[in-house]
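Contents: one structure, followed by commentary.
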Amino acid sequence: MTFLSAAMLVARKDLVIETRSREVIYTSLLFALSCMLVFAFGLVKDGRVIADAAGAILWITIAFSGTLALGRVFDRERQNETLRALLLAPVSRAAVYVGKFAGVLVLLLLVEAIVVPLVVLMFDAPLFRHPGLMLALMAAGSTGYAAVGTLFAAMLARTRGRGALLPVLLYPITVQVIIGGVRGTAALLAPDADLAIARAWLMMLVCFDAVFITLSLWTFEPAMTE
Amino acid sequence: MKRLFPVLLILCIGLFAYAPFLIVAAPYESTMGLVQKIFYFHVPTAIAMFTAAFTCGIASAIFLFARRPGADRVGLAAAELAVLFGLIVLISGPLWARKAWGVWWQWDARLTSTLVMWLVFQAYLLLRRFGGPGSEKLSAAVAIFGAALVPFVYWSVNMWRTVHPTTNVLPTLDASMRGPFLWCTAAFLGLFVLLLTARVELESRRARLDELYLALED
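If you read the protein sequences in the order shown, they are chains A and B.
No gaps in the numbering here: position 63 of the first sequence is 63 in this note's numbering, and each next residue is one more.
No gaps in the numbering here: position 128 of the second sequence is 1128 in this note's numbering, and each next residue is one more.
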């Protein structure tokens, strides 16, 4: 079995389970909505969202609901005792990682496909004024977040107290994604959008993705060996 | 290592004992006056913190890929020191900022990035303490990621407009200030090596003790 077909198989397995139960997608979406509700009370003044807050609301909502999805995806493997089976499979560990990562990324993008229009509607944020750049920012940010998140969630799947440890580990390292995403989005949302700045942040996110996906591929194998 | 320790200890005591005299003798900075002197401790501890962070990252990589248990002990000791020196940096910085900028904390890139680094190594220690068996490999991965984060964080400094004095202050430093500054840097790096060797030695003995217990039970 080649690397890619093994990865595809793992990703397909996760997505099939998800389409049957729809558990992760429903809980993450509802959680995202509740997050936005909380932000609405903190960051809306006189009926309008305060300057620059829309980008922050979007990215923080995605980061929070992403953590929920990551925890759940690996809890499922542990509950069914399938994590060991997955690691025992005669394919390279990196392929298992890539498959898991692709599954998480698809879930994250699905959540975003609903959260982004909701932010546009509820906070009156012109996110679609530069659709190409905005989509690129979302894709690059989600890729980096899912890459680091999948690695840490997988490693923590077997430890005690993973529910509390995952956010503690994940947020300091993925804060670079949040900085890039929020600053890039803010540059696009400004009254006269600063496209050069948005592109610079996009470049930073792409570099971050490249470095952290490479590192994750390297560390997944030794870190998951007992 | 054992014979090196007393030499280092005496050297460090000497460096730290003489540092206050040098700092007092250094001239006052023209605009900031007395508060600028905190710089002689603030910047060297920051250098020591980043040295500790990189030491931890490299040791963790060696542990994870070459499976040397000794490297893990160095990683743990360096992570603790990164947190310790980071705490000194994060306390001495605001003391200066209050006088120079009028606020205790500024969400500028360099301050934020130091805080992020500090949080990463706190997470490393938390994971080791509460993660249960097998957590040393996971924390090694955290340390590698933490060390890889530093260049990004540095890039952000240039990208984001920043109020923090930049690194090109150091080469242009007046000779009368550079002497005490280099002296303090040597003192803090010496302290780093001293504490690192002591901590690694302690951890090696603990590992040896565990082995003996296991051998006794068999």
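For glycine and all other residues, C-beta sits at the position ideal for the given N, C-alpha and C.
- Say whether the segment 84–97 of chain A touches the segment 44–52 of chain A, bearing in mind that this needs 3 or more beta-carbon pairs closer than 8 Å, one atom from each stretch. Segments in contact, no.
- Query: Would you call the segment 70–78 of chain A and the segment 16–27 of chain A touching, i.e. three or more CB-CB distances under 8 Å?
  - Reply: With the cut-off at 8 Å, the segment 70–78 of chain A and the segment 16–27 of chain A touch.
- Could you please tell me which residues of the segment 1109–1128 of chain B, in chain order, have their CB closer than 7 Å to any CB of chain A? Legend: CB atoms of the segment 1109–1128 of chain B lying less than 7 Å from CB atoms of chain A belong to residues Val1116, Leu1119, Val1120, Ala1123, Leu1126 and Leu1127.
- Message: Rounding to the nearest angstrom, what Cα-Cα distance links Met204 of chain A and Phe3 of chain A in this structure?
- Response: Straight-line measurement puts the Cα of Phe3 of chain A at about 28 Å from the Cα of Met204 of chain A.
- Whose CA, out of B:Leu1111, B:Asp1210, B:Leu1076 and B:Gly1131, lies closest to the CA of Thr1197 of chain B? Here the closest residue by C-alpha is B:Leu1076.
- Item | Residues that Gly144 of chain A contacts on chain B, provided the C-beta gap is smaller than 7 Å | The contacting residues do not exist; Gly144 of chain A stays about 10 Å from chain B at best.
- Between Val175 of chain A and Ala56 of chain A, is the Cβ-Cβ spacing less than 8 Å? A distance of 8 Å or more separates the beta carbons of Val175 of chain A and Ala56 of chain A.
- If you scan the segment 158–214 of chain A from start to end, which runs of the beta strand (DSSP E) of 3 or more residues do you find wholly inside it? Those beta strand (DSSP E) runs which fall completely within the segment 158–214 of chain A and span 3+ residues do not exist here.
- Task: Could you say if the segment 142–149 of chain A and the segment 211–220 of chain A meet the contact criterion of at least three C-beta pairs nearer than 8 Å?
- Result: Contact between the segment 142–149 of chain A and the segment 211–220 of chain A is present, because at least three Cβ pairs lie under 8 Å.
- Task: Check each residue of the segment 129–159 of chain A: if its Cβ is closer than 9 Å to any Cβ of chain B, include it; give the result in chain order.
- Result: Flagged, chain order: Val148, Leu151, Phe152, Met155, Leu156, Arg158 and Thr159.
- Task: Show which residues of chain A have a CB atom less than 9 Å away from the CB atom of Gly1131 of chain B.
- Result: Simply Leu156, Thr159, Arg160, Gly161, Arg162 and Leu165.
- Query: Skipping 5 residues on each side, what residues in its chain have a beta carbon closer than 7 Å to that of Met122 of chain A?
  - Reply: So the list reads Met36, once near-sequence residues are dropped.
- Burial state of Trp1107 of chain B (16 or more Cβ within 10 Å): By the 10 Å Cβ count, Trp1107 of chain B comes out exposed.
- Step through the CB atoms of chain B and report whether any lies within less than 8 Å of the CB of Thr219 of chain A. By the rule that beta-carbons nearer than 8 Å mark a contact, Thr219 of chain A touches chain B.
- Query: Buried or exposed: which applies to Val1074 of chain B, given that a residue is buried once 16 or more other Cβ atoms fall within 10 Å of its Cβ?
  - Reply: Buried, by the Cβ-count rule.
- By Cβ distance, which residues of its chain are closer than 6 Å to Leu217 of chain A, with the 5 residues on each side in sequence left out? For Leu217 of chain A, same chain residues with a beta-carbon under 6 Å away, outside a window of 5 residues either side, are Ala94 in chain order.
- Message: Excluding the 5 residues flanking Ser1139 of chain B on each side, which residues of the same chain have their C-beta closer than 6 Å to its C-beta?
- Response: Excluding residues within five positions, the ones whose Cβ falls inside 6 Å are Tyr1124, Leu1127 and Arg1128.
- Note down the Cα distance separating Leu1191 of chain B from Ala1017 of chain B, rounded to an integer number of angstroms. Distance between the alpha carbons of Leu1191 of chain B and Ala1017 of chain B is about 13 Å.
- Nearest to Leu206 of chain A (by Cα), restricted to the options A:Leu33, A:Ala139, A:Arg72 and A:Ala113: Note that residue 206 of chain A corresponds to Val in the displayed sequence, not to Leu. Distances from the alpha-carbon of Val206 of chain A to those of A:Leu33, A:Ala139, A:Arg72 and A:Ala113 put A:Ala139 closest.
- From B:Arg1199, B:Leu1209, B:Arg1205 and B:Leu1194, residue whose alpha carbon lies closest to that of Cys1012 of chain B: Of the listed residues, the one whose Cα sits closest to Cys1012 of chain B is B:Leu1194.
- Item | Ala223 of chain A: contacting residues in chain C (beta-carbon distance under 9 Å) | The chain labelled as chain C is not found among the protein chains of the depicted structure, namely A and B.
- Item | Nearest neighbour of Leu29 of chain A, chosen from A:Thr185, A:Leu108 and A:Asp124 [CA to CA] | For Leu29 of chain A, the closest alpha carbon among the candidates A:Thr185, A:Leu108 and A:Asp124 is that of A:Leu108.
- Query: Can you pull the DSSP bridge partners for Gly1014 of chain B?
  - Reply: Answer is none; Gly1014 of chain B lacks a bridge partner.
- From Met1117 of chain B to Thr185 of chain A, what does the alpha carbon distance come to, in whole angstroms? One Cα belongs to Met1117 of chain B, the other to Thr185 of chain A, and the distance between them is close to 24 Å.
- Query: If you measure from the beta carbon of Ile1058 of chain B to each beta carbon in chain A, is any gap under 8 Å?
  - Reply: It does not: the Cβ of Ile1058 of chain B has no partner Cβ on chain A nearer than 8 Å.
- Endpoints, the alpha helix (DSSP H) within which Gly1075 of chain B is located: Segment Pro1069 to Ala1100, the alpha helix (DSSP H) holding Gly1075 of chain B.
- Alpha-carbon spacing of Arg1178 of chain B relative to Phe1085 of chain B, whole angstroms: Here the alpha carbons of Phe1085 of chain B and Arg1178 of chain B stand approximately 21 Å from one another.
- Task: Using the DSSP secondary-structure output, state which residues sit across from Lys1037 of chain B in a beta bridge.
- Result: DSSP, once it has assigned bridges, lists no residue as partnering Lys1037 of chain B.
- Message: What does the alpha-carbon distance come out to for the pair Val111 of chain A and Phe31 of chain A?
- Response: If you take the alpha carbons of Val111 of chain A and Phe31 of chain A, they lie about 10 Å apart.
- Using a C-beta cutoff of 8 Å, does Ile1144 of chain B count as contacting chain A? Closer than 8 Å to some Cβ of chain A, the Cβ of Ile1144 of chain B qualifies, so yes.
- Can you name the residues that DSSP bridges to Val44 of chain A? Beta-bridge annotation (DSSP): Val44 of chain A is paired with A:Val49.
- Item | Among B:Trp1183, B:Arg1206, B:Phe1121 and B:Ala1187, the one whose alpha carbon lies nearest that of Leu169 of chain A | That would be B:Phe1121, whose Cα lies nearest to the Cα of Leu169 of chain A.
- If we ignore side chains and look at the alpha-carbon of each, how far apart do Gly103 of chain A and Ala1071 of chain B end up? Gly103 of chain A and Ala1071 of chain B have their C-alpha atoms some 34 Å from each other.
- Enumerate in chain order the residues of its own chain whose CB-to-CB distance from Ile1038 of chain B is below 7 Å, with the five nearest sequence positions on each side excluded. Result list for Ile1038 of chain B: Ser1092, Leu1095 and Trp1096, in chain order.
- Can you tell me whether DSSP reads Glu81 of chain A as helix, strand or coil? Three-state result, Glu81 of chain A: coil.
- Item | Neighbouring residues, chain B, relative to Ala169 of chain A (Cβ below 7 Å) | It should be pointed out that residue 169 of chain A corresponds to Leu in this sequence rather than to Ala. Near Leu169 of chain A (Cβ distances below 7 Å), the residues of chain B are Ala1123, Leu1127 and Val1142.
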